[in-house]
Amino acid sequence: MKKELKELIQSDLKRSYDLPLSGKERFFFPLQLKYAVLWRKTSYYRKKGGLLGKLYALRLEKLSERTQIQIPPEVTAGPGLYIGHLGRIILHPDTVLGKNVNLATGITIGQANRGAGKGTPVIGDDVWIGTNAVIVGGIRIGNDVLIAPGAYVNTDVPDHSVVIGNPAVIHHSEHATKDYINRRV
């Protein structure tokens, strides 16, 4: 396994466990963590082309059916991706995630097809996205942002913010994700 891929996988594992892991701990990974590892491998080898990328893509598709997590290999994600639970998670292929992003169950990150917000979100570092949040459009979510459960976000969000409600109401908070994002990488 290439060094770059190994480092990304290690950063994702670090968000859930103290490293290094024993073989026994690896065997009992929760399914959403197995998904994250397989997604990293699929994303990496897909860019390289060839048979290995296709095989990983098939495995990811099967695991996606089982977990209801749909993160296409085209999504760009920094180190420290954390998927909190099994359940419906849907990301558009053009989504960009920074480092230390937490994804809760029921979230949708999607594209807007018209207007000033046309496009897909770019999400910064240290962002916690709560259950059933929806983030759409060509918007930028800053660093250190907490998006509350059930929020509908279709506007830019500055750094150090808490986003609540539908429509989104943005509140400045100097340490918005303190105690929400653990084991930062």
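Per our numbering, the very first residue in the sequence shown carries number 12; after that it's consecutive.
C-beta: ideal position from N, C-alpha, C; glycine also.
- Membership of Gly121 in the beta strand (DSSP E) is indicated by the continuous run 119-121.
- Proximity of the stretch 135-154 to the stretch 105-119 meets the contact definition, three or more beta-carbon pairs being nearer than 8 Å.
- Bridge partners of Leu108 according to DSSP: Ala88, Ile134.
- Of the candidates Val133, Glu76, Gly126, Gly91, the residue whose Cα lies closest to the Cα of His103 is Val133.
- A distance of 9 Å or more separates the beta carbons of Arg99 and Ile120.
- Cβ neighbours of Gln122 within its own chain (closer than 6 Å, five residues either side excluded): His103, Thr131.
- DSSP lists Ile140, Val174 as the beta-bridge partner residues of Ile158.
- If you draw a straight line from the Cα of Gly95 to the Cα of Ala144, it is about 14 Å long.
- Distance from the Cα of Asn154 is smallest, within the candidate group Asp136, Val164, Thr166, Ser22, for Asp136.
- Contact between Val156 and Ser172 holds: their C-beta atoms lie close to 5 Å from each other, under 8 Å.
- Of the candidates Leu108, Ile82, Lys129, Lys45, the residue whose Cα lies closest to the Cα of Gly117 is Ile82.
- Rounded to whole angstroms, Thr188 and Lys14 show a C-alpha spacing of 30 Å.
- When only Cα atoms are considered, Ile20 and Trp50 end up about 10 Å apart.
- Collapsing the DSSP output to three states places Gln43 in a helix.
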